[in-house]
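Using this note's numbering, the letters of the sequence shown map in sequence onto residues 9 to 452. Taking it in order: structure first as structure tokens, then the write-up.
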Amino acid sequence: MSILPKFQFIAEALNANGGFAPQASAKLLADSEAVLNTHLIRYPRETVAKFNRRNENVHYRNFMLSACNRFTGFLFSKSASRQLSGLYQTMTDDIDRQGNHINQFWQVFAVNAKARGSMLVLIDMPQQLPDNRADQINNRVLPYFNMIEPEWIQDYVLDDEGRFDWVALPIRYQNKPAWKVWTSTEWRIQEPRKDGAVYEQAEHGLGINPVLIFTESDLFPCYGEFSQIAELTKAWFNRTSERDEQLRGQTFNVFTYQLGDLETAETVASTLNIGVNNALLYKGERPGFIAPEASCLQNYAEVILALEEAIKEIGHHIEMTAQQEAAAALNLRMKNLSSSLSLFAQRLADFERNCWDVAARWLNQTQVPLITWPINYDIADVGQELSILQQMQAAGFADSVIREQQKRIIQIQFNGLDNDEIDTLIQDTESAKMEIQTNDPNLA
Numbered sequence: 009m010s011i012l013p014k015f016q017f018i019a020e021a022l023n024a025n026g027g028f029a030p031q032a033s034a035k036l037l038a039d040s041e042a043v044l045n046t047h048l049i050r051y052p053r054e055t056v057a058k059f060n061r062r063n064e065n066v067h068y069r070n071f072m073l074s075a076c077n078r079f080t081g082f083l084f085s086k087s088a089s090r091q092l093s094g095l096y097q098t099m100t101d102d103i104d105r106q107g108n109h110i111n112q113f114w115q116v117f118a119v120n121a122k123a124r125g126s127m128l129v130l131i132d133m134p135q136q137l138p139d140n141r142a143d144q145i146n147n148r149v150l151p152y153f154n155m156i157e158p159e160w161i162q163d164y165v166l167d168d169e170g171r172f173d174w175v176a177l178p179i180r181y182q183n184k185p186a187w188k189v190w191t192s193t194e195w196r197i198q199e200p201r202k203d204g205a206v207y208e209q210a211e212h213g214l215g216i217n218p219v220l221i222f223t224e225s226d227l228f229p230c231y232g233e234f235s236q237i238a239e240l241t242k243a244w245f246n247r248t249s250e251r252d253e254q255l256r257g258q259t260f261n262v263f264t265y266q267l268g269d270l271e272t273a274e275t276v277a278s279t280l281n282i283g284v285n286n287a288l289l290y291k292g293e294r295p296g297f298i299a300p301e302a303s304c305l306q307n308y309a310e311v312i313l314a315l316e317e318a319i320k321e322i323g324h325h326i327e328m329t330a331q332q333e334a335a336a337a338l339n340l341r342m343k344n345l346s347s348s349l350s351l352f353a354q355r356l357a358d359f360e361r362n363c364w365d366v367a368a369r370w371l372n373q374t375q376v377p378l379i380t381w382p383i384n385y386d387i388a389d390v391g392q393e394l395s396i397l398q399q400m401q402a403a404g405f406a407d408s409v410i411r412e413q414q415k416r417i418i419q420i421q422f423n424g425l426d427n428d429e430i431d432t433l434i435q436d437t438e439s440a441k442m443e444i445q446t447n448d449p450n451l452a
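See below:
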């Protein structure tokens, strides 16, 4: 069980598993056993059998993954710059010893970090070192980055600077559970408890704990802005399940059977093949079936829509057409997204530098790679910016103002290019404009 259960809850929302995927476990249970690992909330008077059926039929919509993928799509529309050589360059091609290039590693890392608000990376090193550098490169005996989700932490203590003084992570040792504890001076493998017997230990000589903490905004444990999406998703998960129950109550007819003067429920039960539990037995006038009011469904629809809108706002979801969103609101959302991207990129850049610093310590290198991440994200609607340009031209704005607006449009439209390529496009645009003016007799 995680000592940080909120991270586990967020992970289930991101990965669509655990309590957000109770169908399989529900199908295996008898009607007397209630599903335990589910984020559906049971009604006070709901039978176990009915609750299990709701868990079988519930469906999940992964708002968290969509929001994180959208955010990181903007984040990695611009590439980080790394000045690497020698062993460092060799490391980047397989940064995690699982065949992933460093760019792929950070993209996956960013999705997980944005969802949770916190993530860890252990910069580790193989224990057996070769005799020479050539063998070290050929056998890839190099430091590597090991991504760790914070819900796996078994125990920890922070130092005065917010870094791990020590941290315990779960491993398997000789086919049994154990902890691997990292400190600023050593690692050790021990029984899975704080004062457990030590199986192995060694000094690493780094002078720093190699398990590094990334947080989106605060000290660990930090729950980021997208962590709210997990809570809202749980509410959506329950409201849609309850709505489906309401729909069943309104759209499925109840079979009725009129009892004769000499008939009773007991005498009919033996001949009514579908079972008396599925039929409403009555004498005299036929009773009306009381269905839930249609207004109940309307209320559920409004609540569900409100939840979806709240999730969109938190996840920086932007409708890019004027019909869907007013210009003022659109600009505000774009500015909020740009600000969030810049802050996240800055913290991720600092974190990568810290990772390379630990790698340099493993290699006994004094030179650390120079890492630069883009931090200026100007998210805007190109169509709206073109409209502003036309209005400026019609109003007779100075040529210098017009040129700046043209530059802004080019930078927005081609924000994935590097600065030199954007400068070339701007120069080409200005040259084309001058050529048109030279060839136009009305402008001569």
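Just so it is clear, CB atoms sit at the ideal spot from N, CA and C, and this is done for glycine as well.
Step through the CB atoms of chain B and report whether any lies within less than 8 Å of the CB of residue i.
i    : result
I410 : Going by chain labels, chain B is absent from the structure shown, which holds only one protein chain.
Take residue i and list the residues in its own chain whose beta-carbon comes closer than 7 Å to its own, dropping the five residues that flank it on each side.
i    : result
I110 : T100, I103
A330 : With a pLDDT of 47 at A330, under the threshold of 50, the modelled position of that residue is not reliable, and no figure is offered here.
Q401 : I410
G26  : E20, N45
E271 : none
F481 : This structure leaves residue 481 out entirely; the chain is present only between 9 and 452.
I18  : A123, R124, S235, A238
Thinking residue i and residue j are a contact (beta carbons under 8 Å), I'd like their distance in whole angstroms, please.
i    : j    : result
I322 : M342 : Contact flag wrong, Cβ pair sits at about 15 Å.
D163 : K202 : 6 Å
G81  : S235 : So it is not a contact: roughly 20 Å between Cβ atoms.
F245 : V43  : With a Cβ gap of about 13 Å, F245 and V43 do not count as contacting.
Q31  : N63  : 6 Å
E224 : F117 : The pair is not a contact, with the Cβ atoms about 12 Å apart (cut-off 8 Å).
L345 : H324 : 4 Å
Straight-line CA distance for residue i to residue j?
i    : j    : result
Q115 : L83  : 9 Å
E250 : W160 : 33 Å
K58  : R50  : 9 Å
Q454 : Q16  : Coverage of the chain is limited to positions 9 through 452, which leaves residue 454 absent and any answer about it impossible.
I282 : E41  : In this prediction, I282 has a pLDDT of 47, which is less than 50 and means its spatial position is unreliable; nothing more can be read from the coordinates.
I417 : G94  : 40 Å
A273 : Q254 : 28 Å
F405 : Q413 : 11 Å
E157 : L305 : 40 Å
R90  : E211 : 31 Å
P52  : L313 : 25 Å
D436 : E233 : 41 Å
M155 : N108 : 12 Å
L378 : L92  : 7 Å
R105 : Y308 : 49 Å
L433 : K415 : 9 Å
S350 : F28  : 32 Å
L315 : R247 : 10 Å
E54  : L12  : 31 Å
L371 : E194 : 17 Å
T374 : W190 : 23 Å
Y96  : L150 : 9 Å
A176 : G213 : 18 Å
S395 : A403 : 12 Å
Excluding the 5 residues preceding and the 5 following residue i in the sequence, name in chain order all residues of the same chain whose CB lies nearer than 6 Å to its CB.
i    : result
I197 : Y181, A186, K188, Y207, E208
I319 : F71, I237, L240
V376 : W364, D365, A368
Q332 : Low per-residue confidence applies at Q332: pLDDT is 48, beneath 50, and the placement is therefore not dependable, though the value from the model is reported in the following sentence. Cβ neighbours of Q332 beyond the five flanking positions: none.
K242 : H47
F359 : F222
V165 : D173, W174
V119 : C76, T80
L397 : Q413
T380 : S89
S192 : I216, N217
R361 : I379
Q354 : I383
Taking the DSSP output, what are the residues bridged to residue i?
i    : result
I110 : Paired residue(s): none; I110 is not in a bridge.
R90  : I379
W174 : V165, T191
M127 : F222
A210 : W195
I179 : A186
M133 : BP columns for M133 are empty, so no partner.
F153 : I131
Using a Cβ-Cβ cutoff of less than 8 Å, which residues in the same chain neighbour residue i once the five nearest sequence positions on both sides are dropped?
i    : result
R148 : T98, D102, R105
Inspect the CB distances between the segment 152 to 171 and the segment 222 to 237 and report whether three or more fall short of 8 Å.
yes
Can at least three beta-carbon pairs, one atom from the segment 86 to 97 and one from the segment 377 to 386, be found at a separation below 8 Å?
yes
So does the segment 212 to 219 actually touch the segment 127 to 135, counting three or more Cβ pairs closer than 8 Å?
yes
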